[in-house]
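Residue numbers (this note's numbering): 1208 to 1376.
Virtual Cβ for every residue (Gly too), placed ideally from N, Cα, C.
All figures in this text were calculated on a predicted structure; none of them were measured in a lab.
This report refers to the structure that appears directly beneath it.
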(Lines of atoms letter the chains of each structure in order from A and count residues from 1; the text may use other names and numbers.)
(Lines give C-alpha, C1' and ligand atoms only; values in the text may rest on other atoms or scores of the structure.)
Protein backbone atom coordinates (compact mmCIF):
# COMPACT_ATOMS: atom_id res chain seq x y z
CA UNK A 1 0.00 0.00 0.00
CA UNK A 2 2.81 2.39 0.72
CA UNK A 3 4.22 2.10 -2.80
CA UNK A 4 0.89 2.90 -4.48
CA UNK A 5 0.35 5.74 -1.99
CA UNK A 6 3.78 7.23 -2.80
CA UNK A 7 3.19 6.94 -6.53
CA UNK A 8 -0.33 8.38 -6.18
CA UNK A 9 1.19 11.33 -4.31
CA UNK A 10 3.51 12.05 -7.24
CA UNK A 11 0.66 11.67 -9.72
CA UNK A 12 -1.61 14.08 -7.83
CA UNK A 13 1.00 16.77 -7.19
CA UNK A 14 0.41 18.37 -10.58
CA UNK A 15 -3.27 18.78 -9.68
CA UNK A 16 -2.46 20.64 -6.47
CA UNK A 17 -3.10 17.78 -4.05
CA UNK A 18 -0.67 16.96 -1.25
CA UNK A 19 -0.59 13.83 0.86
CA UNK A 20 -1.49 14.99 4.35
CA UNK A 21 -2.31 11.68 6.05
CA UNK A 22 -1.40 8.13 5.13
CA UNK A 23 -4.42 7.69 2.85
CA UNK A 24 -5.62 11.30 2.42
CA UNK A 25 -4.69 13.88 -0.22
CA UNK A 26 -5.97 17.41 0.17
CA UNK A 27 -6.16 20.66 -1.76
CA UNK A 28 -6.96 23.81 0.19
CA UNK A 29 -9.15 26.73 -0.79
CA UNK A 30 -10.21 29.80 1.15
CA UNK A 31 -13.18 28.19 2.91
CA UNK A 32 -12.91 24.47 2.19
CA UNK A 33 -10.73 21.51 1.30
CA UNK A 34 -11.09 19.09 -1.57
CA UNK A 35 -9.95 15.68 -0.41
CA UNK A 36 -9.31 12.25 -1.81
CA UNK A 37 -9.26 9.20 0.42
CA UNK A 38 -7.74 5.92 -0.75
CA UNK A 39 -9.27 2.84 0.85
CA UNK A 40 -8.08 -0.75 0.60
CA UNK A 41 -11.21 -2.83 0.09
CA UNK A 42 -11.49 -5.89 2.26
CA UNK A 43 -8.88 -4.56 4.65
CA UNK A 44 -9.10 -5.16 8.34
CA UNK A 45 -6.79 -4.96 11.29
CA UNK A 46 -3.78 -7.21 11.10
CA UNK A 47 -2.05 -8.82 8.16
CA UNK A 48 -3.83 -9.00 4.79
CA UNK A 49 -5.40 -12.31 3.83
CA UNK A 50 -3.61 -12.45 0.48
CA UNK A 51 -1.48 -10.34 -1.85
CA UNK A 52 -4.42 -8.98 -3.84
CA UNK A 53 -4.95 -5.26 -3.28
CA UNK A 54 -8.28 -3.74 -4.32
CA UNK A 55 -8.67 0.00 -3.91
CA UNK A 56 -11.58 2.37 -3.68
CA UNK A 57 -11.22 6.13 -4.11
CA UNK A 58 -13.52 8.37 -2.06
CA UNK A 59 -14.02 12.08 -2.71
CA UNK A 60 -15.10 14.74 -0.29
CA UNK A 61 -15.30 18.39 0.53
CA UNK A 62 -14.59 19.60 4.05
CA UNK A 63 -15.55 23.06 5.26
CA UNK A 64 -12.70 24.62 7.23
CA UNK A 65 -14.96 26.17 9.89
CA UNK A 66 -16.86 22.91 10.52
CA UNK A 67 -16.30 21.93 14.15
CA UNK A 68 -17.08 18.23 13.87
CA UNK A 69 -14.35 15.71 14.59
CA UNK A 70 -14.93 13.43 11.62
CA UNK A 71 -14.04 13.39 7.95
CA UNK A 72 -17.26 13.26 5.96
CA UNK A 73 -16.96 11.12 2.84
CA UNK A 74 -19.64 13.22 1.17
CA UNK A 75 -18.71 12.72 -2.45
CA UNK A 76 -18.83 9.88 -4.94
CA UNK A 77 -16.46 6.94 -4.75
CA UNK A 78 -14.98 4.71 -7.41
CA UNK A 79 -17.21 1.85 -6.27
CA UNK A 80 -20.38 3.70 -7.34
CA UNK A 81 -21.22 1.31 -10.15
CA UNK A 82 -24.23 3.32 -11.29
CA UNK A 83 -21.91 6.24 -12.00
CA UNK A 84 -18.69 4.63 -13.15
CA UNK A 85 -19.28 1.09 -14.44
CA UNK A 86 -18.76 2.12 -18.07
CA UNK A 87 -15.34 3.56 -17.21
CA UNK A 88 -13.95 0.16 -16.27
CA UNK A 89 -11.49 1.48 -13.72
CA UNK A 90 -9.07 -1.31 -12.80
CA UNK A 91 -8.19 -0.46 -9.21
CA UNK A 92 -6.48 -3.62 -8.08
CA UNK A 93 -3.09 -5.29 -8.32
CA UNK A 94 -1.09 -8.13 -6.83
CA UNK A 95 1.31 -6.81 -4.19
CA UNK A 96 3.57 -9.87 -4.40
CA UNK A 97 4.00 -10.15 -8.14
CA UNK A 98 3.28 -6.55 -9.13
CA UNK A 99 0.80 -7.85 -11.69
CA UNK A 100 -1.41 -5.03 -13.04
CA UNK A 101 0.27 -2.48 -10.73
CA UNK A 102 0.91 0.05 -13.51
CA UNK A 103 -2.61 -0.34 -14.87
CA UNK A 104 -4.01 0.28 -11.38
CA UNK A 105 -1.82 3.36 -10.95
CA UNK A 106 -2.86 4.72 -14.34
CA UNK A 107 -6.54 4.12 -13.60
CA UNK A 108 -6.29 5.81 -10.20
CA UNK A 109 -5.07 8.93 -11.96
CA UNK A 110 -7.64 8.50 -14.74
CA UNK A 111 -10.41 8.36 -12.11
CA UNK A 112 -9.13 11.59 -10.57
CA UNK A 113 -8.73 13.41 -13.89
CA UNK A 114 -11.93 12.20 -15.57
CA UNK A 115 -14.30 11.94 -12.61
CA UNK A 116 -12.95 13.61 -9.47
CA UNK A 117 -11.74 16.86 -10.99
CA UNK A 118 -15.03 17.65 -12.77
CA UNK A 119 -16.90 16.88 -9.54
CA UNK A 120 -14.61 19.14 -7.51
CA UNK A 121 -14.85 21.93 -10.11
CA UNK A 122 -18.67 21.74 -9.99
CA UNK A 123 -18.45 22.46 -6.25
CA UNK A 124 -15.63 25.01 -6.25
CA UNK A 125 -17.89 27.98 -5.59
CA UNK A 126 -19.01 28.55 -1.99
CA UNK A 127 -22.31 29.77 -3.40
CA UNK A 128 -22.92 26.44 -5.16
CA UNK A 129 -21.98 24.51 -2.05
CA UNK A 130 -24.39 26.56 0.06
CA UNK A 131 -27.32 27.01 -2.29
CA UNK A 132 -27.63 24.09 -4.68
CA UNK A 133 -30.13 21.49 -3.60
CA UNK A 134 -27.79 18.64 -4.58
CA UNK A 135 -24.82 20.03 -2.62
CA UNK A 136 -22.67 17.36 -0.97
CA UNK A 137 -22.68 19.45 2.22
CA UNK A 138 -25.19 18.80 4.97
CA UNK A 139 -26.93 21.62 6.85
CA UNK A 140 -24.21 21.88 9.52
CA UNK A 141 -21.45 22.18 6.92
CA UNK A 142 -23.46 24.76 4.96
CA UNK A 143 -23.83 26.87 8.10
CA UNK A 144 -20.10 26.59 8.75
CA UNK A 145 -19.38 27.63 5.17
CA UNK A 146 -21.67 30.63 5.54
CA UNK A 147 -19.80 31.68 8.70
CA UNK A 148 -16.53 31.50 6.79
CA UNK A 149 -17.84 33.48 3.82
CA UNK A 150 -19.23 36.09 6.21
CA UNK A 151 -15.80 36.43 7.83
CA UNK A 152 -16.89 34.79 11.08
CA UNK A 153 -14.78 31.63 10.95
CA UNK A 154 -13.18 30.76 14.27
CA UNK A 155 -9.45 30.09 14.08
CA UNK A 156 -9.75 27.19 16.55
CA UNK A 157 -12.37 25.46 14.36
CA UNK A 158 -10.27 25.96 11.23
CA UNK A 159 -7.18 24.67 13.05
CA UNK A 160 -9.11 21.60 14.23
CA UNK A 161 -10.28 20.80 10.69
CA UNK A 162 -6.77 21.22 9.29
CA UNK A 163 -5.38 18.98 12.02
CA UNK A 164 -8.04 16.36 11.31
CA UNK A 165 -6.74 16.17 7.75
CA UNK A 166 -3.08 16.28 8.79
CA UNK A 167 -2.44 19.79 7.52
CA UNK A 168 0.02 21.98 9.37
CA UNK A 169 -1.39 25.47 9.82
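In terms of residue numbering, what span does the beta strand (DSSP E) encompassing residue 1347 cover? The residue labelled residue 1347 in the question sits at position 140 within the chain shown. Note, residue 1347: premise wrong, no beta strand (DSSP E); alpha helix (DSSP H) at 1346–1356.
Taking the C-alpha atoms as reference points, what is the distance between residue 1366 and residue 1340? Here residue 1366 is taken as the residue at index 159 of the chain shown, counted from 1. Here residue 1340 is taken as the residue at index 133 of the chain shown, counted from 1. Spanning the two alpha carbons is a distance of roughly 29 angstroms.
Tell me the DSSP secondary structure of residue 1222 in three-state form. Within the chain shown, numbered from 1, the residue matching residue 1222 stands at position 15. In the structure shown, residue 1222 sits in coil (DSSP, three-state: anything other than H, G, I, E or B).
Closest by CA to residue 1280, which one among 1361, 1230, 1310? Translated into positions along the chain shown, residue 1280 becomes position 73. Of the candidates 1361, 1230, 1310, the one whose C-alpha sits nearest the C-alpha of residue 1280 is 1230.
Do residue 1263 and residue 1286 have their C-beta atoms within less than 8 angstroms of each other? Within the chain shown, the letter at position 56 stands for residue 1263. Within the chain shown, the letter at position 79 stands for residue 1286. Closer than 8 angstroms, so yes.
Would you call the stretch 1325–1343 and the stretch 1268–1282 in contact, with 3 or more CB pairs under 8 angstroms? Yes, since at least three Cβ pairs between the stretch 1325–1343 and the stretch 1268–1282 fall closer than 8 angstroms, the two stretches touch.
CB-CB under 7 angstroms to residue 1214, same chain, minus the five flanking residues each way: which ones, in chain order? On the chain shown, residue 1214 is found 7 positions in, with the first residue counted as 1. Excluding sequence neighbours, residue 1214 sits near 1312.
Which runs of the alpha helix (DSSP H), 4 residues or longer, sit entirely within the stretch 1284–1315? 1288–1291
Determine the closest residue to residue 1293 out of 1322, 1272, 1328, 1364, with distance taken between C-alpha atoms. In the chain shown, counting from the first residue as 1, residue 1293 sits at position 86. Nearest option by C-alpha distance: 1322.
In angstroms, rounded to a whole number, what distance separates the CA positions of residue 1336 and residue 1355? As a working mapping, residue 1336 is identified with position 129 in the chain shown. As a working mapping, residue 1355 is identified with position 148 in the chain shown. Each residue's alpha carbon lies about 13 angstroms from the other.
By alpha-carbon positions, which one of 1209, 1273, 1260 ends up nearest to residue 1297? Residue 1297 sits at position 90 when you count from the first residue of the chain shown. When each option's Cα is compared against that of residue 1297, the closest is 1260.
Output the boundary residues of the alpha helix (DSSP H) element that contains residue 1336. Within the chain shown, residue 1336 is the residue found at index 129, counting from 1. Per DSSP, residue 1336 belongs to the alpha helix (DSSP H) from 1333–1338.
For residue 1347, count the other beta carbons within 10 Å of its own beta carbon; 16 or more makes it buried, fewer makes it exposed. Which is it? Along the chain shown, read from residue 1 onward, the residue named residue 1347 stands at position 140. By the 16-neighbour rule on beta-carbons within 10 angstroms, residue 1347 is exposed.
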